[in-house]
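Notes for the one structure printed next.
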Amino acid sequence: MSNNFVDLNIKNLIVNHFESVVNEIDLATELEILKDENNEYELNQNRAFMIDHKNVLINLVLQNIDSKSSNYLEINRNFLHEVTLIDFSNRKLDKICVNIFDLYRNKVKYLDLSNNYIQNLNLRLCFTLGNLEELNLGNNRLNNLYLNHNFQNLKDLILSNNNLEILSSQIFSNLFNLTELDLSDNKICVIENEVFIHLFELRFLYLSNNQIHSIDFNLNKCSKLEQLHLNSNKIKSIKPEVFKFQKKLQILNIANNLIEKVEPEILIGLENLKYLNLRQNLIKVLNFSDLKFLINLKELNLFSNQIKSIQNLNYLKCLSNLDTLILSENLIEIFGISQSSSLKTLSLSNNYLTHLNSFLMENLENLYLRKNRIESLDNGIFRRCENLKVLDLSDNRIKSIEDYVLNELVGLQELDISNNLFKADKFDLNSQLKFIY
212 MSNNFVDLNI
222 KNLIVNHFES
232 VVNEIDLATE
242 LEILKDENNE
252 YELNQNRAFM
262 IDHKNVLINL
272 VLQNIDSKSS
282 NYLEINRNFL
292 HEVTLIDFSN
302 RKLDKICVNI
312 FDLYRNKVKY
322 LDLSNNYIQN
332 LNLRLCFTLG
342 NLEELNLGNN
352 RLNNLYLNHN
362 FQNLKDLILS
372 NNNLEILSSQ
382 IFSNLFNLTE
392 LDLSDNKICV
402 IENEVFIHLF
412 ELRFLYLSNN
422 QIHSIDFNLN
432 KCSKLEQLHL
442 NSNKIKSIKP
452 EVFKFQKKLQ
462 ILNIANNLIE
472 KVEPEILIGL
482 ENLKYLNLRQ
492 NLIKVLNFSD
502 LKFLINLKEL
512 NLFSNQIKSI
522 QNLNYLKCLS
532 NLDTLILSEN
542 LIEIFGISQS
552 SSLKTLSLSN
562 NYLTHLNSFL
572 MENLENLYLR
582 KNRIESLDNG
592 IFRRCENLKV
602 LDLSDNRIKS
612 IEDYVLNELV
622 GLQELDISNN
632 LFKADKFDLN
642 SQLKFIY
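Position 273 of the sequence shown, counted from 1, bears residue number 484 in this note's numbering, the numbering being contiguous throughout.
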């Protein structure tokens, strides 16, 4: 290791809006980057320091570190004791020595190492990041990560777009104050049962785009969880009562998996859930009585499943806060609601409907029936839909529509009847229509 140093003169620093306080900063005048015999780093002149006039907050941004072979950044001399943010993103780094962080004396709150080539990172021996609140390791090549007990103040941990395959039970054991954990876009196929049991403050958990086959890990201690994203995995089974203690969960995204049935035991504990996304699964039967626990649900998305049978539709009244129901791209042949509901948006496009039963939904504003096999509309079908604003009947087999059918829709503003089997001039249209196709 040579002693070639890259000098940083304070006059060459870009100090935005705080030039008047530069002289008050007690900083070393040179940044040392130690080079090994085979590597030479070139640093351009872009050094940005944001200096807070109260606490001398410094934002260190190193730009364009280039090397001829392996990129290895090591700083081992006392430097910038007041730095709170370190940005080493987009540096082409594949190794980080932990003694690089010995410079900052427990004042760093934000560390960005994203968009590099780091494969392994062992921070067990790092004792100078005790106040770190956010660690971004996204878009690297990590297959292992080791943290010690010194990271108890960490709130946000971003590990997305890496090569993690196994989440061992101890990997997050010291992160008692973590509120957001992003593990999306990895290769995770094994989640040991007790991985999350120490994450008492966790509110947002992202596990999208992995290789997870089942939801059977322990979430009991994550009682403050608000969002759980498990979309785009290979999930076939969900352990009964796995969400029993998720009383604050509002968003559950399990889209694009291999789920065939939603058992009612799965939904126990989700009384405050507002958004349930089950699109692009393999669900064949939708039983609304199984959803009776979801009393605060606002949106249910079942787009692109294999639903042919809808059972106990009368239980829709139990979902008194449900305003959006998406059932498009399924195999539904019959659908009708004979009682009041809170629905404002209903999508049944791309199904096999040939006949429509009554839609007695006084709150309905948007109804999408595109690409079905509907041939006619019965008298009184929209009798109580006075708030309907958008009606899409395009790409069906309708030959005629009686005037009184549409005249019932006194609030209709947009009507799409394109690609049917009739001529538009065969009936009278409401004058309030703004768009007709």
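C-beta: ideal position from N, C-alpha, C; glycine also.
In this structure the segment 453 to 463 does not lie against the segment 495 to 502, because fewer than three pairs of beta carbons, one per stretch, are closer than 8 Å. In the structure shown, the three-state DSSP call for Y328 is coil.
In this structure Y417 is buried. Its beta-carbon is surrounded by 16 or more other beta-carbon atoms within 10 angstroms. Non-local beta-carbon contacts of R581 in its own chain, meaning distances under 6 Å to residues more than five positions away in sequence, involve S560, D603, S605, D606 in chain order. With respect to the C-alpha of N364, the residue from K555, S611, L340 having the closest C-alpha is L340.
Boundaries of the alpha helix (DSSP H) harbouring D614: 614 to 618, taken from the DSSP string.
Beta-bridge partners of I537 (DSSP): N512, S558. In the displayed model, N361 falls within a helix according to three-state DSSP. Of the candidates N301, F362, S629, N354, N354 places its Cα closest to the Cα of D396. Between H409 and the set D427, S384, I612, the nearest pair of CA atoms involves S384. If only uninterrupted beta strand (DSSP E) runs of at least 3 residues are considered, those enclosed by the segment 359 to 422 are 367 to 369, 391 to 393, 415 to 417. At a Cβ-Cβ threshold of 7 Å, I449 and F428 do not count as neighbours.
Within the same chain, Cβ atoms closer than 6 Å to the Cβ of F454 are found at G480, L481, the five residues on either side in sequence being excluded. DSSP, read as helix, strand or coil, puts K306 in strand. A residue is called buried once 16 or more other Cβ atoms fall within 10 Å of its Cβ, and E474, having fewer, is exposed.
Looking at the backbone, the Cα of I548 and that of N541 are separated by about 18 Å. In the three-state reduction of the DSSP assignment, I479 falls in the coil class, being assigned neither a helical nor a strand state.
Cβ-Cβ distances below 7 Å link K445 to Q422, I423, H424, N468, L469 in the same chain, with the five nearest sequence neighbours on each side left out; the list follows chain order. Linking E544 to L508 through their CA atoms gives a straight-line distance of about 25 Å. Taking the CA atoms as reference points, F362 sits about 11 Å from K320. Residue burial annotation: F312 is buried, with at least 16 other C-beta atoms found within 10 angstroms of its C-beta. If you draw a straight line from the Cα of S558 to the Cα of T535, it is about 8 Å long. Look at I462 here: in three-state DSSP terms it is strand. In terms of Cα proximity to I518, the closest of K485, R490, L578 is R490. Comparing alpha-carbon positions, the option among L430, I494, G622 lying closest to L578 turns out to be G622. Note: E452 is not bridge-paired with any residue in the DSSP secondary-structure output.
Closest option to N372, judged by alpha-carbon separation, among L346, L394, N388: L394. Counting the other CB atoms within 10 Å of its CB gives F633 a total below 16, which places it among the exposed residues. Between the C-alpha atoms of S553 and N327 there is a straight-line separation of about 49 Å. Ranked by Cα distance from I628, the options K610, D323, L620 are led by K610. The beta-carbon distance between L324 and L348, rounded to whole angstroms, is 5 Å. This is short enough to meet the 8 Å contact definition.
In the displayed model, S500 falls within a helix according to three-state DSSP. Across the set I612, E573, N404, the C-alpha of E573 shows the shortest separation from the C-alpha of R595. When secondary structure is reduced to three states using DSSP, I628 falls in the coil class, being assigned neither helix nor strand. K398 counts as exposed, since fewer than 16 other beta carbons sit within 10 angstroms of its beta carbon.
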